[in-house]
Amino acid sequence: MPEGHSIHRIARQFASVFAGEALRVSSPQGRFAAGAERLDGGVLTGARAHGKQLFLEFHNELVLRVHLGLYGAWSFGGDSRFQGASSIGAPRRIGERETAHDDGAASVYAGPPPPVGAVRVRLASAHGWADLRGPTACELITGAERDAIIAKLGPDPLDPGSDPGEFVARVQRKRTAVGLSLMNQEVIAGVGNVYRAEALFRGRVYPWLPGAALRDDDAAALWEDLVFLMNDGVRAGRIITTAPSHREGPAGTDSGVPVEDAHYVYKRTGLACRICGTMVAMAEMGARKLYWCPSCQAA
DNA sequence: CGGTTATGTATAG
DNA sequence: TATACCTAACCGC
Numbered sequence: 001m002p003e004g005h006s007i008h009r010i011a012r013q014f015a016s017v018f019a020g021e022a023l024r025v026s027s028p029q030g031r032f033a034a035g036a037e038r039l040d041g042g043v044l045t046g047a048r049a050h051g052k053q054l055f056l057e058f059h060n061e062l063v064l065r066v067h068l069g070l071y072g073a074w075s076f077g078g079d080s081r082f083q084g085a086s087s088i089g090a091p092r093r094i095g096e097r098e099t100a101h102d103d104g105a106a107s108v109y110a111g112p113p114p115p116v117g118a119v120r121v122r123l124a125s126a127h128g129w130a131d132l133r134g135p136t137a138c139e140l141i142t143g144a145e146r147d148a149i150i151a152k153l154g155p156d157p158l159d160p161g162s163d164p165g166e167f168v169a170r171v172q173r174k175r176t177a178v179g180l181s182l183m184n185q186e187v188i189a190g191v192g193n194v195y196r197a198e199a200l201f202r203g204r205v206y207p208w209l210p211g212a213a214l215r216d217d218d219a220a221a222l223w224e225d226l227v228f229l230m231n232d233g234v235r236a237g238r239i240i241t242t243a244p245s246h247r248e249g250p251a252g253t254d255s256g257v258p259v260e261d262a263h264y265v266y267k268r269t270g271l272a273c274r275i276c277g278t279m280v281a282m283a284e285m286g287a288r289k290l291y292w293c294p295s296c297q298a299a
């Protein structure tokens, strides 16, 4: 259940702990047995994310494309070096569960544990392992196919090289409601249901406003806010969109912000808006639940 | 233990 | 718009 920030964290994790290493690749569950066999023993040369797509690149030019979908997840474990790189911050986060490794007395890494549950793919180096469960997509593609996939996607707020004007142009090109376009990965890549609701609220944007009617500066502000929010998500390992002054509990650090204080509107149906006190509303939009404040985000 | 829910997308009609 | 996909956490009984 990850948005773009989780995928970028995972890509960074792979790059830092597996790049340059020969990997044992297997599919304990069996559904990726053929692919695993082709990758087994290969050296990981790089890991990249664009939006919610993850690309693990191997020395033999093969690319493993993974999309976690609604309930996919990676879990990691390994030696201390591995742990240090993977567990900065909160101990447990959505889309990238980390297993605390029992290193009672600085024990030597003894290899991955027996797989638990439906592990589609397991990657293992001399220092650690990664298990993938429940992805929507897990397939081997070529570099050219990877490039084609990225070319179809909109700009990613987490890519420093992306062009804000590209987002503005794409969202304004259609009459589609802004709330729908933010979920369209061809308009902007990496935004999901939480960032959609929270960015619209922070920008005071009416979710049903047609993209074509979105002012230039409002569109640009939405983009800039998503750049800020999503980079913060990569750093913190969770989505926190509230300003400290708008939280009910005592001000705290990332790890200290309680779940119920992390968002303005997401999953707050019926609760008072943190800004104006109006009851937060919920409606279906694009087969997903949209949360908004009818006063702050009035038409 | 069973039902519900989820930060997603593809495909059918 | 509806449904399938396919996994685990959570909640109420």
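Read in the UniProt record's numbering, the first sequence has 120 at position 120, and its numbers run on one by one without any break.
Even glycine gets a Cβ: it sits at the ideal position worked out from N, Cα and C.
Bear in mind the structure is a predicted one, so any value in this text is a computation, not a measurement.
Closest option to residue 217, judged by alpha-carbon separation, among 197, 256 and 167: 167. When DSSP states are grouped into helix, strand and coil, residue 58 belongs to the strand group.
In this structure the region 135-143 does not touch the region 185-200; the number of beta carbon pairs closer than 8 angstroms is below three. Among the bridge pairs identified by DSSP, residue 64 is matched with 56 and 140. If you look at residue 284, you'll find it in the beta strand (DSSP E) that goes 281-285.
Residue 4 is positioned such that its CB atom lies closer than 7 angstroms to that of residue 51. Excluding residues up to 5 positions away in sequence, 296 and 297 lie with their Cβ nearer than 8 angstroms to the Cβ of residue 204 in the same chain.
Contact between the region 59-79 and the region 116-128 is established, with three or more Cβ pairs separated by less than 8 angstroms. For residue 119, the secondary structure class from DSSP, reduced to helix, strand or coil, is strand. Taking a C-beta distance under 7 angstroms as the contact criterion, residue 299 and residue 292 do not qualify as a contact pair. Contact annotation: residue 249 and residue 232 have beta-carbon atoms that are not nearer than 7 angstroms. In this structure, the alpha-carbon of residue 264 lies about 12 angstroms from that of residue 244. Counted as a single uninterrupted DSSP element, the beta strand (DSSP E) harbouring residue 132 occupies residues 128-133. For residue 133, same chain residues with a beta-carbon under 7 angstroms away, outside a window of 5 residues either side, are 72, 73, 117, 118, 119 and 120 in chain order. Rounded to the nearest whole angstrom, the CA to CA distance from residue 29 to residue 114 is 12 angstroms. Each residue's CA atom was taken as its position, placing residue 46 and residue 20 some 8 angstroms apart.
Counting along the chain, the unbroken alpha helix (DSSP H) around residue 8 starts and ends at 4-17.
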